[in-house]
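Enquirer:
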Amino acid sequence: MKTKPPAGISAQCEACPCPRICAGNIKVCEIQSGRAHDGSTTTPTGDHFKLAIPFAGQTIMWDVVFDGNAPESPPDFSFDDLTFLADPDVAILEKYVPSLAKWDSQDPKALMNVITELLYLYKKHQVALLADSDFTRLQFEYSTLIGGTQIVENDVEVLIQNRNKTTGRTRSGTGAVNFLIHLNVDFSGIPPVQGTTDNTGKDAAVLLVTFHSPDWSRITPQLCLSPGVEKALGNTSFTVPLFPQGNCLMDYVPLVMLQLNNKISAIIAAHEKKKGFVTAFMFHMGKALLEYDTVDFTYMSFLLVKRDFHFLLHINLSPNFPKECPVFTLQSMYHALWGKPFKLKIDDCPFSPRWEPRQMVERACLHIKDHIDGFQKSSIQKSQE
0 MKTKPPAGIS AQCEACPCPR ICAGNIKVCE IQSGRAHDGS TTTPTGDHFK
50 LAIPFAGQTI MWDVVFDGNA PESPPDFSFD DLTFLADPDV AILEKYVPSL
100 AKWDSQDPKA LMNVITELLY LYKKHQVALL ADSDFTRLQF EYSTLIGGTQ
150 IVENDVEVLI QNRNKTTGRT RSGTGAVNFL IHLNVDFSGI PPVQGTTDNT
200 GKDAAVLLVT FHSPDWSRIT PQLCLSPGVE KALGNTSFTV PLFPQGNCLM
250 DYVPLVMLQL NNKISAIIAA HEKKKGFVTA FMFHMGKALL EYDTVDFTYM
300 SFLLVKRDFH FLLHINLSPN FPKECPVFTL QSMYHALWGK PFKLKIDDCP
350 FSPRWEPRQM VERACLHIKD HIDGFQKSSI QKSQE
């Protein structure tokens, strides 16, 4: 028989704006009823459930237990890390988890507030574990990253994996520690991206760095981008550098941010170059314009005529513009080749990425004019073959 959590809880958790850096929603799962169903309601109350919480590149699981017979009572929590709030002092809860200490069952955001406060404590708990002698290197990494760069505590999540969840000690030879770091990069200048329907959040970049035991010298970095940023950067066109031997986060994170900022600046500059070229070409051609890409400025088409011979001019700009010359293609309005409109690509067009858009357009138009008569003859000949 299906069960469901108390009203509003699922929606609260799955839209929870908790202090987490990792993308993804908190999910409610394994919903159960803590009391026998007496048949008085259509479905038993799901007062026992788990929360799957994305944290530092992994998923942590927390059990939430309500009393179905006393829905006004605050929930109990069971954490997959038994060293976290194992025997909490009342004063600690009142100070750091006030939404639980002063539980208000009438507040639709009550559970969300408690989870937010608990995650803040959990985040501090993971950092505190680095003080153990097993993690001397990682404690140094964390402290120098926070103290020696623009990264602040709120930008970092730490998670120690493969620990004994009762003692907190790392299992010999199998441990790994994740540092998930929010990169404060300005994406506001990135041009809009078409076809990014899954970009539900704001543009962001996080760097996941994993240190592997036993001596934490094997380090694997991974850059995670929001969908809009990933597509704007050309999906796989940007990769983070290898973590240099003997380097530390204090040096590596600014290097990644610098390279990412340089990539973004190049994308913005290329977009402005495309926009300038398209604008200049449309101004030069006047009313001959048929259509053009109003977002990415990657193509445009014109209807032209010379001595009663009508034809189309298609111009396509590659992602590498202005490093690469645009592709100019002439298309006949009258002639076909093998059932398709006859087209001719114009090669060897004079072009330099150092030219201003106006000069690019003027030189291209002169070159295209020299090919119109030959294109007309070819279209007639080819259509008769």
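Residue numbers for the sequence shown follow numbering that gives the first Met the number 0, so the first one is 0 and each next one is one higher. For each residue, glycine too, the CB sits at the ideal point set by N, CA and C.
Once you ignore the five residues that flank Ser425 on each side, which residues in its own chain have a CB closer than 6 Å to its CB?
Expert: Any property of residue 425 remains undetermined from this structure, which presents the chain solely from 0 to 384.
Enquirer: What three-state label does DSSP hand Ser142 in the structure shown?
Expert: As a working mapping, residue 142 is identified with position 143 in the sequence shown. Reduced to three states, the DSSP call for Ser142 is helix.
Enquirer: Helix or strand or just coil, what does DSSP make of Phe282?
Expert: Position 283 of the sequence shown, counted from the start, is the residue given in the question as residue 282. Looking at Phe282 - three-state DSSP - the assignment turns out to be helix.
Enquirer: Tell me whether Asn24 sits in a helix, a strand or coil according to DSSP, three-state version.
Expert: As a working note, residue 24 is residue 25 in the sequence shown. If DSSP states are grouped into helix, strand and coil, Asn24 belongs with coil.
Enquirer: Can you list, in chain order, the residues of its chain with a C-beta nearer than 7 Å to that of Ser331? Leave out the 5 residues immediately preceding and following it.
Expert: Indexing the sequence shown from 1 puts residue 331 at position 332. Around Ser331: Phe310, Pro340, Phe341 and Ser378.
Enquirer: Run through DSSP, which three-state label would Lys225 get?
Expert: Stepping through the sequence shown from its first residue, residue 225 is reached at position 226. Note on identity: in this sequence residue 225 is Ser, with Lys being the wrong assignment. If DSSP states are grouped into helix, strand and coil, Ser225 belongs with coil.
Enquirer: How is the alpha helix (DSSP H) around Thr115 delimited, first residue to last?
Expert: Taking the sequence shown and counting its residues from 1, the one referred to as residue 115 is at position 116. From DSSP, the alpha helix (DSSP H) with Thr115 extends over Ala109 to Ala127.
Enquirer: Go ahead and pull the three-state DSSP assignment for Gln57.
Expert: Taking the sequence shown and counting its residues from 1, the one referred to as residue 57 is at position 58. It is a strand residue.
Enquirer: Comparing alpha-carbon positions, which option in Ser264, His270 and Thr82 lies nearest Lys123?
Expert: Position 124 of the sequence shown, counting from 1, holds the residue named residue 123. Nearest of Ser264, His270 and Thr82 to Lys123, Cα basis: Thr82.
Enquirer: Is it buried or exposed for Ser212, if we count other Cβ within 10 angstroms and need 16 for buried?
Expert: On the sequence shown, residue 212 is found 213 positions in, with the first residue counted as 1. Flag for Ser212 reads buried.
Enquirer: Mark Asp372 as exposed unless 16 or more other C-beta atoms lie within 10 angstroms of its C-beta, in which case mark it buried.
Expert: Position 373 of the sequence shown holds residue 372. So Asp372 ends up on the exposed side.
Enquirer: Alpha carbon to alpha carbon, what distance is there between Ile367 and Leu222?
Expert: Locating residue 222 in the sequence shown gives position 223, where the first residue counts as 1. Locating residue 367 in the sequence shown gives position 368, where the first residue counts as 1. Going from the Cα of Leu222 to the Cα of Ile367 covers about 45 Å.
Enquirer: Provide the residue(s) that pair with Phe301 in DSSP beta bridges, ordered along the chain.
Expert: On the sequence shown, residue 301 is found 302 positions in, with the first residue counted as 1. BP columns for Phe301 point to Leu288 and Leu312.
Enquirer: Suppose the cutoff is 8 Å on Cβ atoms and the five residues either side in sequence are ignored; what does the same chain contact list for Phe242 look like?
Expert: Taking the sequence shown and counting its residues from 1, one reaches residue 242 at position 243. Here the set comprises Val208, Ile218, Thr219, Pro220 and Tyr251.
Enquirer: Grab me the residues of Asp131's own chain with a C-beta within less than 6 Å of its C-beta, minus the 5 sequence neighbours each way, in chain order.
Expert: For the purposes of this step, residue 131 is taken as residue 132 along the sequence shown, with counting starting at 1. So no residue of the chain qualifies.
Enquirer: Which residues bound the beta strand (DSSP E) around Lys386?
Expert: Outside the displayed range of the chain (0 to 384) lies residue 386, so it cannot be described from this structure.
Enquirer: My assumption, with CB atoms under 8 Å, is that Leu158 sits in contact with Ile180. Please give the rounded CB distance.
Expert: To locate residue 158, count along the sequence shown from 1; it is residue 159. To locate residue 180, count along the sequence shown from 1; it is residue 181. In fact, because the Cβ distance is near 12 Å, the residues do not count as touching under 8 Å.
Enquirer: Do Ile189 and Ile267 come within 8 Å of each other at the CB atom, strictly closer than that value?
Expert: Position 268 of the sequence shown, counted from the start, is the residue given in the question as residue 267. Position 190 of the sequence shown, counted from the start, is the residue given in the question as residue 189. Contact: yes.
Enquirer: Alpha carbon to alpha carbon, how far is Asp347 from Glu323? Give it in angstroms, no decimals.
Expert: One-based indexing of the sequence shown puts residue 323 at position 324. One-based indexing of the sequence shown puts residue 347 at position 348. The alpha-carbon atoms of Glu323 and Asp347 are separated by roughly 12 Å.
Enquirer: Could you give the distance in angstroms between the alpha-carbon of Gln258 and the alpha-carbon of Thr238?
Expert: Here residue 258 corresponds to residue number 259 of the sequence shown, with the count starting at 1. Here residue 238 corresponds to residue number 239 of the sequence shown, with the count starting at 1. Approximately 10 Å between the Cα atoms of the pair.
Enquirer: Count the other C-beta atoms from every protein chain shown that fall within 10 angstroms of the C-beta of Ile52, then say buried if there are 16 or more, exposed otherwise.
Expert: Here residue 52 refers to the residue found at position 53 when the sequence shown is read from its first residue. Answer is buried; the Cβ neighbour count reaches 16.
Enquirer: Quick one: what does DSSP say Asp75 is sitting in, helix, strand or coil?
Expert: As a first step, residue 75 is located in the sequence shown; it is residue number 76 there, counting from the start. Reduced to three states, the DSSP call for Asp75 is strand.
Enquirer: To the nearest angstrom, how far is the alpha carbon of Met0 from that of Asn246?
Expert: Counting from one through the sequence shown, the residue named residue 0 turns up at place 1. Counting from one through the sequence shown, the residue named residue 246 turns up at place 247. Note that Met0 scores 37 on pLDDT, short of 50, meaning its location in the model is unreliable and no value can be drawn from it.
Enquirer: Here's the rule I'm using: 16 or more other beta-carbon atoms within 10 Å means buried, otherwise exposed. How should Phe282 be labelled?
Expert: By 1-based counting over the sequence shown, the position of residue 282 is 283. Exposed, because fewer than 16 other Cβ atoms sit within 10 Å of the Cβ of Phe282.
Enquirer: Kindly identify the DSSP beta-bridge partner or partners of Arg217.
Expert: Taking the first residue of the sequence shown as position 1, residue 217 is located at position 218. Partner(s): His211.
Enquirer: Find the nearest neighbour of Val155 within the set Asn161, Arg136 and Asn177, judged by alpha-carbon distance.
Expert: Position 156 of the sequence shown, counting from 1, holds the residue named residue 155. Val155 has its Cα closest to that of Asn177, out of Asn161, Arg136 and Asn177.
Enquirer: Less than 7 Å between the CB of Glu152 and some heavy atom of the ligand ADP, yes or no?
Expert: As for the ligand ADP, it is missing from this structure, which has no ligand bound.
Enquirer: Output yes if chain C places a C-beta closer than 8 Å to the C-beta of Val155; else output no.
Expert: In the displayed structure, chain C is absent; only one protein chain is listed.
Enquirer: Please state whether DSSP places Lys101 in a helix, a strand or coil.
Expert: By one-based count along the sequence shown, residue 101 stands at place 102. Note: Lys101 maps to coil in three-state DSSP.
Enquirer: Using three-state DSSP, classify Asn260 as helix, strand or coil.
Expert: Reading the sequence shown from its first residue, position 261 is the one you call residue 260. The answer is helix: DSSP assigns Asn260 an H, G or I state.
Enquirer: Flag this pair as yes or no: are the beta carbons of Ala287 and Leu302 separated by less than 8 Å?
Expert: Looking up residue 287 in the sequence shown gives position 288. Looking up residue 302 in the sequence shown gives position 303. Yes. Within cutoff.
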